[in-house]
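All residue numbers for the sequence shown refer to the numbering used here, where the first residue is 44 and numbers rise by one.
Don't be surprised by glycine CBs; every beta carbon is placed ideally from N, CA and C.
Structure first, then comments.
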Amino acid sequence: MYGTRHTAAMIGALLPLVAVFALQLEPLPDAAFARPTGQIRARAASACELVMMDADGRVLARAAAPAGELDLAALLPTLRDIPSAVRVQAVVAGVPTDAPLLVVPLLGRPTIRTIQDVRPDGKTKFTRVIGWGDQLLEPANAVHVEAKRTWSKEEPAPRSGFRVAIDMDVLFDTSAGAMRFAMRPDMAPNTARNFVELAASGFYDGTIIHRVVPKGRGGTPFVIQGGDPIGTGDGGPGYDIALEPSTLAHDFGVLSMARNDWPDSAGSQWFVGLTRAETARLDGQYCAFGEAIEGAEAIIATERGAIADTETGRPVSPVSVKRATVSPAAAWVPGTGRAARRVVRPEASK
44 MYGTRHTAAM IGALLPLVAV FALQLEPLPD AAFARPTGQI RARAASACEL VMMDADGRVL
104 ARAAAPAGEL DLAALLPTLR DIPSAVRVQA VVAGVPTDAP LLVVPLLGRP TIRTIQDVRP
164 DGKTKFTRVI GWGDQLLEPA NAVHVEAKRT WSKEEPAPRS GFRVAIDMDV LFDTSAGAMR
224 FAMRPDMAPN TARNFVELAA SGFYDGTIIH RVVPKGRGGT PFVIQGGDPI GTGDGGPGYD
284 IALEPSTLAH DFGVLSMARN DWPDSAGSQW FVGLTRAETA RLDGQYCAFG EAIEGAEAII
344 ATERGAIADT ETGRPVSPVS VKRATVSPAA AWVPGTGRAA RRVVRPEASK
């Protein structure tokens with residue numbers, strides 16, 4: 044993460060997914076985006092029940108839907124008021140069927156609040172994120188409270204409409220084994236979308252996990268890091284993406300974005316946490332946007348590889364991502380959500 048130095052200019056658009064899937068509920072090809080008061084259009088292969096759920100699988104609304112083209116906003120009126128991404132699951136004859144649709148509100152980002160701070164070595168300065176909008180990440184921190192006195196008043200974030208997409212997983216076929224990641228668009232919708240689209244485009248194919256830190260500041264495993272097309276820690280996709288205010292806690296199996304000192308400098312480089320003890324300090328500073336739901340053994344195998352350079356974390360024989368693919372996520376169960384939970388660190392590796 045700290046070794047990432049790519050500084051290419053930001054772009055505002057992301058490539059569309061080109062794969063086509065025949066699913067029970069799909070967005071219409073020309074309706075990936077909807078105006079704030081316009082129709083949110085999709086197509087159902089057969090008559091079904093639509094169930095809108097939050098990130099925990101809690102049911103927010105239900106509606107019966109006929110086969111054919113649908114206006115999700117008409118069937119689920121509260122959809123227009125969602126504060127973050129939700130999933131709309133099709134249930135056919137009582138059975139959740141195929142991947143849910145993601146409906147993501149297009150909201151402006153809160154103002155990012157930063158200060159200049161110093162790392163534990165007492166010398167190295169860095170940019171610390173201390174808050175978003177009018178809220179501090181650490182309300183009890185006296186230095187941050189004082190800095191807040193200089194903040195300008197935050198204006199309400201505009202709602203520009205909605206994005207509709209199939210909920211996708213990303214699968215890494217690596218030389219250490221398979222890793223499957225579920226996205227958390229409720230926490231970081233643009234970062235999750237960027238990762239899925241890079242994987243779908245073949246960007247990650249042949250990349251290596253160029254940085255492995257089996258011992259962090261506290262002496263326990265820290266992170267594994269990849270996603271650089273040139274494998275040095277300096278490369279990226281040719282653009283930067285803005286940091287999002289994710290509150291997903293870093294832990295074993297949590298997927299997050301690497302960046303340089305400036306918060307809005309992530310691009311394609313990702314990392315996976317190895318222990319909560321070491322990665323807790325990354326919360327609020329780096330954008331966690333997904334979770335490994337398969338591949339704990341592959342993550343541990345990568346962590347345990349021999350290290351050639353302990354300063355940079357360069358492995359002797361880096362694990363490679365032979366191929367990255369995307370596939371529709373499993374159906375969500377109303378009241379439960381995703382059946383597959385985030386992987387846990389095996390007891391034998393602790």
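Who does residue i pair with in a DSSP beta bridge?
i: M230; result: DSSP lists no partner for M230.
i: I342; result: I342 is not bridged to any residue.
i: Y329; result: D326
i: T368; result: L214
i: K168; result: V161
i: E337; result: R223
i: I284; result: A309
In whole angstroms, give me the CA-to-CA distance for residue i and residue j.
i: S299; j: Q268; result: 9 Å
i: D99; j: K166; result: 42 Å
i: R302; j: A90; result: 45 Å
i: A74; j: Q82; result: 9 Å
i: V213; j: L66; result: 18 Å
i: A221; j: P361; result: 15 Å
i: F238; j: A88; result: 28 Å
i: R236; j: G279; result: 16 Å
i: A383; j: A285; result: 29 Å
i: W305; j: E69; result: 38 Å
i: R324; j: S392; result: 22 Å
i: R388; j: A339; result: 7 Å
i: E198; j: L180; result: 19 Å
i: V256; j: D307; result: 24 Å
i: A394; j: N233; result: Past the boundaries of the shown model lies residue 394; the chain is included only from 44 to 393, so the question cannot be answered.
i: A344; j: I209; result: 32 Å
i: A243; j: A225; result: 14 Å
i: V359; j: P272; result: 18 Å
i: V146; j: Y282; result: 25 Å
i: A78; j: L122; result: Looking at the sequence shown, residue 78 is not Ala but Arg. Taking the straight line joining both Cα atoms gives about 13 Å.
i: L115; j: V94; result: 11 Å
Which stretch, first to last residue, makes up the beta strand (DSSP E) that contains residue i?
i: P148; result: 144-150
i: S299; result: 297-300
i: I267; result: 266-269
i: A85; result: 84-87
i: R388; result: Premise fails: R388 is in no beta strand (DSSP E) and is neither H nor E.
Taking 7 Å as the cut-off, is the CB of residue i close to at least one heavy atom of the ligand FMN?
i: L214; result: Summarising the ligand content, the structure contains no ligands, and the ligand FMN is consequently not present.
- prompt: Taking the runs of the beta strand (DSSP E) that are 3 residues or longer, which of them lie wholly in the segment 174-210?
  reply: 202-209
- prompt: With a cut-off of 8 Å, do at least 3 Cβ pairs link the segment 307-323 to the segment 263-279?
  reply: yes
query: In chain order, which continuous runs of the beta strand (DSSP E) of length 3 or greater are located wholly inside the segment 89-126?
result: 91-96, 102-108, 111-114
task: Check whether the segment 357-366 touches the segment 246-255, counting contact only when three or more Cβ pairs, one atom from each stretch, lie closer than 8 Å.
output: yes
- prompt: So, do the segment 285-296 and the segment 330-350 have three or more beta carbon pairs nearer to each other than 8 Å?
  reply: yes
message: Can you confirm whether the segment 198-214 touches the segment 342-358 when touching is taken to mean that 3 or more C-beta pairs between the two stretches lie within less than 8 Å?
response: no
message: If contact is defined by three or more beta carbon pairs under 8 Å, each pair taking one atom from either stretch, is the segment 126-140 in contact with the segment 370-382?
response: yes
query: Should the segment 139-158 be called in touch with the segment 174-186, which here means at least 3 C-beta pairs below 8 Å?
result: yes
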